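Once you know that position 57 of the sequence shown is 57 in this note's numbering, the rest is easy, because the numbers rise by one and skip nothing.
Beta carbons: idealized from backbone N, C-alpha and C, even for Gly.
Remember, predicted model here, so these are calculated numbers, not experimental data.
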Amino acid sequence: MTAALDPDADLLRQAQGLFAGERDPWANAANAAALLFGGLPDLNWAGFYFLRGGQLVVGPFQGRVACVRIALGAGVCGTAAVRRATLIVPDVHAFPGHITCDAASNSEIVVPIEADGRLVGVLDLDSPSFGRFGPQDAALLEGFAGRLAAACDWRLAGIDGF
Ligand code: SME
């Protein structure tokens, strides 16, 4: 497959285009959530939690209404945030402490977002299918999160540490 036909490369290119010339984290995160939710198959939630006041607070997303605040270390999101590592959960019902937002979710991936070496939040994707996410998704979403982190001026967003 050539790079031009690689859907992952295409998604990253679209992200670069969306973020170009825009430094506002909320604007870029909102478009990022829409791009991922529309561009990746078999999702029921795609969006962000940002570190504000020592907690993860829901940011722009696509999908059903979600829980607003997640403590660091809690759930899949809080665990990925504390570990500062991507977490792939093939069956959310088997993950101790998983926080259910949409009962349709069966698998999940959470990718930390870091800017200037500091955690700003996490990118969270849910799927109604078990085992939906694998290493290729992790690589794509880590690339995506890195581009978002670099594109934004985090001082504009009330994110802890900025
Ligand atoms: N399941 C997540 C909570 C966020 S929702 O999936 C949107 C968790 O356990 O952290």
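To the nearest angstrom, how far is it from the Cα of residue 119 to the Cα of residue 21? 23 Å
Same chain, Cβ closer than 7 Å to residue 57, neighbours up to 5 away in sequence not counted: Same-chain partners within the cutoff: 49, 50, 68, 69.
Cutoff 7 Å; reference residue 102; Cβ partners in own chain excluding five residues on either side: 44, 45, 63, 64, 126
Pull the bridge partners of residue 16 from the DSSP assignment, please. None; residue 16 has no bridge partner.
Considering only heavy atoms of the ligand SME, does any lie closer than 6 Å to the CB of residue 116? no
Fully enclosed by the stretch 26-96, which alpha helix (DSSP H) runs are 4 residues long or longer? 75-83
Close-in-space but distant-in-sequence residues of the same chain around residue 143 (CB under 7 Å, 5 per side omitted): 12
Environment of residue 135 [buried if 16+ CB atoms lie within 10 Å]: exposed
Collapsed DSSP secondary structure at residue 157 in the structure displayed: coil
Where do the N-terminal and C-terminal ends of the alpha helix (DSSP H) with residue 143 fall, by residue? 135-151
Have a look at residue 88 and residue 107 and give me their C-alpha separation to the nearest angstrom. 8 Å
For residue 99, which option in 29, 16, 145, 77 has the closest C-alpha, if you only look at C-alpha atoms? By alpha-carbon distance to residue 99, the top candidate from 29, 16, 145, 77 is 77.
Does the beta carbon of residue 75 fall short of 6 Å from some heavy atom of the ligand SME? yes
Note down the Cα distance separating residue 95 from residue 34, rounded to an integer number of angstroms. 27 Å
Counting only the same chain and skipping the five closest in sequence on each side, list residues whose C-beta sits under 8 Å from that of residue 3. Note that residue 3 scores a pLDDT of 49, beneath 50, so its modelled location is shaky; the value from the coordinates is reported in the next line. These residues qualify, in order along the chain: 9.
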